[in-house]
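Let me begin by presenting the structure, written as structure tokens, before commenting on it.
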Amino acid sequence: MDSSIRVCILGLGVIGTTYAYALQKAGCEVYHLVREEKRLMTPQHLPVHLLDGREASKGVEKDDFYHIQLAEPESVFDFIIVSVAKGALEPAIQTIREKQLKGTIIIFCNTWNERHEIEKMVGDVPYIMAFPTAGGCMENGVLNCVLFDHIMLESEEKSHIPNYRLLQTMLEKAKIKAEIPHDMFEWIWIHMAVNAGVTSTAAKEGKLDCPKQLAIDLMGDAKALAQAVRCIRETLKVVKARGVNLKNYRSELLPYRIPPVIAGVAMKRLFAKNELTSRIMVLHNDVRDILHGCKCVYDEGKRQHLELPLFYTNMERVFDTLKSTKLS
């Protein structure tokens, strides 16, 4: 395999490191930029437990080790992957500038920002929007993760990066397909709105310090899933109010157009049969990151003076719970 593709991952987060593992196995040179105070504490080898969806539709369980290499300031890369939580994109971009790293930035995370805001952040640095289909958590020093066989990727025409074909080659070597939506920004907003509907339904009466159990309970309850569909119908109004033509995402949104009771039963069956989807729901346990997306949708709905009674009620219960817990 061609080892000339050089990739830098900002930090050692779950998403970035999951893809770092896959890219390293594909022959890429992969490095991580970590804070100076964490360099000496960073292990050389990280145990990995992966449910790999690239080889079979049900996924293949793997146990392996990932070799961690640290990036040096002023280094040149083909790609710099930025996957950050809780809306911390701007300081992440600033870190890349301060360390004088060179390379096309792949913005690989939830963002409620509009295109002009991202362009202001990155300045003259080439960048492309993408979205991961992976997840997991760190458990007792082990990266426990799930990896699907595709990512969402902005089109070549809208990205204007000089090495788009190299990016395609890199993904192909890692056996990851690229799915290209009508608009990557709009797709991310829709994804965040759907997640807000699901999360606010799951968390409205549950203990937020145990997201794993909340996910398990929701996936096994057709009535709760039907409520989540009703809530998603409301949160999608927030995206529409931002000027998004939802008809351009008809296929993605079809499950939320059918009667909620039927959709709830279908979703319960999906979670029961699809280990990849259910595992990623259970493993994602960063409560603050999960709720950040919900709050973005909530604040935008209020700003737009939209009537979203179910979603607002759910979120206000969540806010009340946060006030009485250490998560606030």
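Start counting the sequence shown at 94; every next residue gets the next number (this note's numbering). We put the CB at the ideal spot given by N, CA and C, even for glycine.
In the three-state scheme derived from DSSP, where H, G and I count as helix and E and B as strand, residue 237 is classed as strand. Bounds of any beta strand (DSSP E) do not take in residue 209; it lies within the alpha helix (DSSP H) bounded by 208-215. The C-beta distance from residue 170 to residue 195 rounds to 7 Å, short enough to fall under 8 Å.
Counting only residues of its own chain and dropping the five nearest sequence neighbours on each side, residue 200 has a CB closer than 8 Å to the CB of 175, 182, 211, 220, 221, 222 and 223. In the structure shown, residue 298 falls within a coil segment according to DSSP collapsed to helix, strand and coil.
Shortest Cα-Cα distance from residue 418 to any of 301, 341 and 185 involves 301.
In summary, residue 352 is exposed, with fewer than 16 beta-carbon neighbours lying within 10 Å of its beta-carbon over all protein chains present.
Shown here, residue 121 sits in coil according to DSSP, grouped into three states, outside any helix or strand.
Setting aside the 5 residues that flank it on each side, residue 322 is surrounded in the same chain by 290, 348, 349, 353, 356, 357 and 360, each with a C-beta closer than 8 Å to its C-beta; the list follows chain order.
Residue state for residue 100 is assigned as strand, using DSSP reduced to three classes.
Distances from the CA of residue 227 to each of 203, 214 and 190 were compared; the closest alpha carbon is that of 203. Listed in chain order, the alpha helix (DSSP H) elements of length 4 or more contained wholly in the stretch 163-231 are 182-191 and 208-215.
In this structure, DSSP gives residue 136 a state outside helix and strand, which the three-state scheme calls coil.
When rounded, the separation of the alpha-carbon atoms in residue 341 and residue 136 is 45 Å. Around the Cβ of residue 151, a 10 Å sphere holds fewer than 16 other Cβ atoms; the residue is exposed. Residue 372 counts as buried, since at least 16 other C-beta atoms from the protein chains shown sit within 10 angstroms of its C-beta.
Counting the other Cβ atoms within 10 Å of the Cβ of residue 119 gives 16 or more, which makes it buried.
As the crow flies, the alpha-carbon of residue 113 is around 14 Å from that of residue 145. Under the 8 Å Cβ criterion, the stretch 276-283 does not count as touching the stretch 292-312, having fewer than three qualifying pairs. For residue 385, the enclosing alpha helix (DSSP H) has its first and last residue at 380-396. When secondary structure is reduced to three states using DSSP, residue 153 falls in the strand class.
Here residue 365 is exposed, its C-beta having fewer than 16 other C-beta atoms within 10 Å. Taking C-beta atoms under 8 Å as the contact rule, residue 304 and residue 236 fail to qualify, at a distance of about 18 Å.
Per the DSSP secondary-structure output, residue 145 pairs in a beta bridge with 153 and 240. Secondary structure at residue 416: helix, using DSSP grouped into helix, strand and coil. The straight-line gap separating the alpha-carbon atoms of residue 408 and residue 178 is approximately 20 Å.
Note that the C-beta distance between residue 404 and residue 327 is below 7 Å. In this structure, the CA atom of residue 233 is about 15 Å from the CA atom of residue 157. When DSSP assignments are scanned along the stretch 316-373, no uninterrupted stretch of beta strand (DSSP E) that is 3 or more residues long falls wholly within it. Secondary structure at residue 284: helix, using DSSP grouped into helix, strand and coil. Residue 244 sits close to residue 269, with the two beta carbons spaced by under 7 Å.
Taking the C-beta atoms as reference points, residue 267 is found nearer than 7 Å to residue 115. Classified as exposed, residue 392 has fewer than 16 neighbouring CB atoms from the shown chains inside 10 Å of its CB.
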